[in-house]
Amino acid sequence: MIARRDLLRLGAAAALLAGCAPTKSERRDDRIRLWVAPNAAEESFWKIAVARWNAAGRGLPVSFTTIPTAGNSEDTVLSALVAGTEPDLSTNIFSGFAVQLATLGQVEDLAAMPGYADLIARRHMAAIMPGWTQNGRVPAMPIYSSPTLLWWRADILEANGLGAPPETYEQVYAFSDRYGAGRRARYGMQVIAGRAWQDRWFDFIPFYYAASGGRPYLDATRALYANAAGLQVATFMNRMFRQGWTALDFDAEEPLVSGLAAGAVRGPWDVERFANIYPETLARIAVGPMVAATPSSGPAATFSDSKGVVIFRSSRVKRQAFDFLSWVLGDEALNLLWLQQTGLSPARADLLENSRFAPYYRRSALGRAYAEHVASARPPALSEYTIDVQKIMSSQLIEPVMTGQRAPAAALRDAVAATDRMLEAQA
Amino acid sequence: MIRRAAISREAIVGLTLVGVYLAYTAVFWAYPFFWLAKLSVTQWRFFDDPVFVGARNLVRIVQDPQFLGSLWNVVRFLAFYLPLAFGGSLLVAFGLQQVGRGRAFVALCFLLSNVSSGVALSLVFLKIFSTTGPLNNTLYDAVGIRIPWTNHPTLAMLAIALVVAWKFVGYYGLIVYSGLLTVPKELYDAARLDHAGVWRRLVNITLPMLNPQLMMVLTFAILVSFGLFTEPFLITGGGPADSTVPPQMVIYETAFRRLQPSHAATMSIIISLASYLLVVLARRLFERKVVIA
Chain A
1 MIARRDLLRL GAAAALLAGC APTKSERRDD RIRLWVAPNA AEESFWKIAV ARWNAAGRGL
61 PVSFTTIPTA GNSEDTVLSA LVAGTEPDLS TNIFSGFAVQ LATLGQVEDL AAMPGYADLI
121 ARRHMAAIMP GWTQNGRVPA MPIYSSPTLL WWRADILEAN GLGAPPETYE QVYAFSDRYG
181 AGRRARYGMQ VIAGRAWQDR WFDFIPFYYA ASGGRPYLDA TRALYANAAG LQVATFMNRM
241 FRQGWTALDF DAEEPLVSGL AAGAVRGPWD VERFANIYPE TLARIAVGPM VAATPSSGPA
301 ATFSDSKGVV IFRSSRVKRQ AFDFLSWVLG DEALNLLWLQ QTGLSPARAD LLENSRFAPY
361 YRRSALGRAY AEHVASARPP ALSEYTIDVQ KIMSSQLIEP VMTGQRAPAA ALRDAVAATD
421 RMLEAQA
Chain B
428 MIRRAAISRE AIVGLTLVGV YLAYTAVFWA YPFFWLAKLS VTQWRFFDDP VFVGARNLVR
488 IVQDPQFLGS LWNVVRFLAF YLPLAFGGSL LVAFGLQQVG RGRAFVALCF LLSNVSSGVA
548 LSLVFLKIFS TTGPLNNTLY DAVGIRIPWT NHPTLAMLAI ALVVAWKFVG YYGLIVYSGL
608 LTVPKELYDA ARLDHAGVWR RLVNITLPML NPQLMMVLTF AILVSFGLFT EPFLITGGGP
668 ADSTVPPQMV IYETAFRRLQ PSHAATMSII ISLASYLLVV LARRLFERKV VIA
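Sequence lines, in order, name chains A and B. Just so you know, we're using the numbering used here here: the first sequence kicks off at 1 and counts up by one. Just so you know, we're using the numbering used here here: the second sequence kicks off at 428 and counts up by one.
Written out as structure tokens, the structure reads:
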């Protein structure tokens, strides 16, 4: 007969042994495991899409869960890869992180998958994919594209004699001069998004893309923005600060709500935020292109804050996972569902020509403005040194120009030289 | 039977209790410690096998301008933080002495800032220090100027020191206050008989008698300065021009953004050694034995 003490000992030993069990999950080939972005809108889309796939029995069943993170998706994906608990597919991967994962040999080259070319053609992604391709390899497939555009308070523009959002620097100067006049502090627009390295995606880089017609600012070995377009942007920023037409920061409040600034760079994700918190302000917003020295003939180039999906190299069901991916991304009905559930434009260039999406964009002027720029929006440079490149951009270019410590041309030279030195050292 | 007699019941209980602690230490301290040591002399990028590289990581780190800059930022932070910490904690301690009723409540209020979320208070101070925030708006309305609290290298570090001081000064003040309670009143009575003024009593009696508490504050302040992360990360993002980047932020970015855990491990060892050496140096320079004969 087993005494109570023995039972306790047995229980303790079992608990210890359970704690010592291997953490690596068994690789399964009877289903496709998918991680999706941890937000309600995207989760609701995947719930429907996965249910349809599983019901149709088109391939291996898919089970999905949100990325188990309390903070940053990248950290969680990285931890999972180290622990060997990563799924077969993960969404919410930005292109720079995908390149890092590819460099470390953790993700599949999707361009090598059977059916890749068909998917690109079916989803009208030919104009979008160059921004996601490095040396002919595609580490991630973009799900959506979120161009950054300038939001303007239409009522303020009108009160200052502008019937439409400004498109050129000169128009911004003239408007800012009028709007900023007077004792009360008011600024034409928010030029700098913030001090962190990732804020460059929402100021210098989109302005540079607009000024250069979407030319890249970086390749594998050097910075490419020491040119006329780069100088135009730096000069624009310099003039806005020197004239007092913008502030060093707008941390205290949402400047568009109070009219502290009449314009600011915003993405499509801000539509829902404003709809929930500042609906009255949202009703007064007019969306304009990223300003440049001269107006663009078509939709102006800008930065696209896109997220994609990767297939991990450890997956035992890569082909089946790509089949699922191909089905989800290539299906127009699901693309429309994505748009309706999340408000984020699917990364396809035919959004405004395709009759399936027309009713949605007829109802949403803001959505239409973003959809117009999906094809001309460019993702960040595909570099595993994104953080260092943009830190240099901040410290050598943006901050010296903000404070007036360096002339625009000199700051541009410094930033590019420092970036080149860093890339050379890393190589 | 013989074995049972060799290990007494008391010893078994003791070993069991100690065993839990030892197991905990082995898993959560020793294992990470040895892994850290191994990482610092190897090249590892999360997915491959660590390759021994000797002192190459160390050589690279000591030549990394961003890491060296972050160490210099610790010194700059301390230059602002120490006067704030000592001055503030002494003020709190002397103030508490003057409080009659409700002293415990006042002390609790000071502790509240210490237990409040660093993230929350950073966001509040971010708004307060903003160029377009309430502080600057008031200044602008009054005298027509704005102070670039978070956009000037020196002011940004001062702003962070102020926020951290706000969080910790109450706690430090209670430590100093506990020291004040132990100073014998007879010393002050004797000093008064000798016509010693307030300043002289402060310098010659109070501060020397408070040496253990002030040393504790100094030690805590040094440890805070090396462990700083939340406030600069949220308030300045390390800018402008990396002037407020603390070592912990460099370590985090190196490990999880640049995906260079070996370099980050080497940095963390250097930071640990630097903080230890600074504490030892401070104790050697300022610690005095307080004996009431």
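Glycine residues also receive a C-beta, built at the ideal position from the N, C-alpha and C atoms.
- The alpha helix (DSSP H) runs of length 4 or more contained entirely in the segment 88 to 148 of chain A are, from start to end of the chain, 95 to 103 and 116 to 122.
- Taking a Cβ-Cβ cut-off of 7 angstroms, the neighbours of Q100 (chain A) in chain B comprise L686, given in sequence order.
- DSSP places R266 (chain A) in the uninterrupted beta strand (DSSP E) bounded by A261 to R266.
- Annotated three-state conformation of L444 (chain B) is helix, per DSSP.
- Across the structure, Y370 (chain A) and K307 (chain A) are spaced so that their CA atoms are roughly 16 angstroms apart.
- Contact with chain B is absent for Y361 (chain A), since none of that chain's Cβ atoms lies less than 9 angstroms from the residue's Cβ.
- Using a Cβ distance threshold of 9 angstroms, D249 (chain A) and T581 (chain B) do not count as a contacting pair.
- Here D88 (chain A) is buried: its Cβ has 16 or more other Cβ atoms, across all protein chains shown, within 10 Å.
- The residue among A:D331, A:G59 and A:L149 with its C-alpha nearest the C-alpha of V265 (chain A) is A:L149.
- Contact between L655 (chain B) and Q640 (chain B) is ruled out by a C-beta separation of about 23 angstroms, above the 8 angstroms threshold.
- By the beta-carbon neighbour count (other beta carbons within 10 angstroms, threshold 16), E399 (chain A) is buried.
- Within chain A, L104 have C-beta atoms less than 8 angstroms from the C-beta of R472 (chain B), given in sequence order.
- At least one C-beta of chain B is nearer than 9 angstroms to the C-beta of Y385 (chain A).
- Residues of the segment 660 to 679 of chain B with a Cβ closer than 8 angstroms to any Cβ of chain A, in chain order: T663, G664, G665, G666, P667, A668 and D669.
- By the criterion of a C-beta distance shorter than 8 angstroms, P268 (chain A) is surrounded in its chain by S146, P147, G343, L344, S345, L366, G367 and Y370, once the five residues flanking it on both sides are discounted.
- Within the DSSP bridge table, the entry for T66 (chain A) names A:V36 as partners.
- Measuring C-alpha to C-alpha distances from W245 (chain A) to each of A:G188, A:R58, A:G214 and A:L260 identifies A:G188 as the nearest.
- DSSP places I311 (chain A) inside the beta strand (DSSP E), whose first and last residues are K307 to I311.
- Proximity of the segment 417 to 425 of chain A to the segment 432 to 441 of chain B falls short of the contact definition, fewer than three beta-carbon pairs being nearer than 8 angstroms.
- Excluding residues up to 5 positions away in sequence, W152, A286 and G288 lie with their Cβ nearer than 6 angstroms to the Cβ of P165 (chain A) in the same chain.
- Using a 10 angstroms sphere on the CB of Y703 (chain B), the tally of other CB atoms stays under 16, which defines it as exposed.
- Only exposed fits G514 (chain B), as fewer than 16 other CB atoms lie within 10 angstroms of its CB.
- In the structure shown, Q470 (chain B) adopts extended strand secondary structure according to DSSP, grouped into three states.
- Taken atom to atom, the span from the alpha-carbon of M141 (chain A) to that of G560 (chain B) is near 42 angstroms.
- The C-alpha of G59 (chain A) is placed about 7 angstroms away from the C-alpha of Q320 (chain A).
- Taking the beta carbon of F324 (chain A) as reference, no residue of chain B falls within 7 angstroms; the closest one sits roughly 25 angstroms away.
- Relative to the Cα of D29 (chain A), the nearest Cα in the group A:L110, A:P408, A:V62 and A:A55 belongs to A:V62.
- C-alpha of L442 (chain B) to C-alpha of P68 (chain A): approximately 38 angstroms in a straight line.
- The Cβ of E424 (chain A) sits no closer than 9 angstroms to any Cβ of chain B.
- By the criterion of at least three beta-carbon pairs nearer than 8 angstroms, the segment 584 to 594 of chain B is in contact with the segment 661 to 670 of chain B.
- In summary, A450 (chain B) is exposed, with fewer than 16 beta-carbon neighbours lying within 10 Å of its beta-carbon over all protein chains present.
- At the C-beta level, I678 (chain B) and V590 (chain B) stay beyond 9 angstroms of one another.
- When DSSP states are grouped into helix, strand and coil, A377 (chain A) belongs to the strand group.
- Residues of chain A whose Cβ lies closer than 7 angstroms to the Cβ of T452 (chain B) do not exist, since the nearest Cβ in that chain is about 16 angstroms away.
- Each of A:Q426, A:W53, A:R413 and A:I387 was checked against the Cα of D199 (chain A), and the nearest Cα belongs to A:I387.
- Among the residues of the segment 242 to 259 of chain A, those with a Cβ less than 8 angstroms away from any Cβ of chain B are A247, L248, D249, F250, D251, A252, E253 and P255, in the order of the chain.
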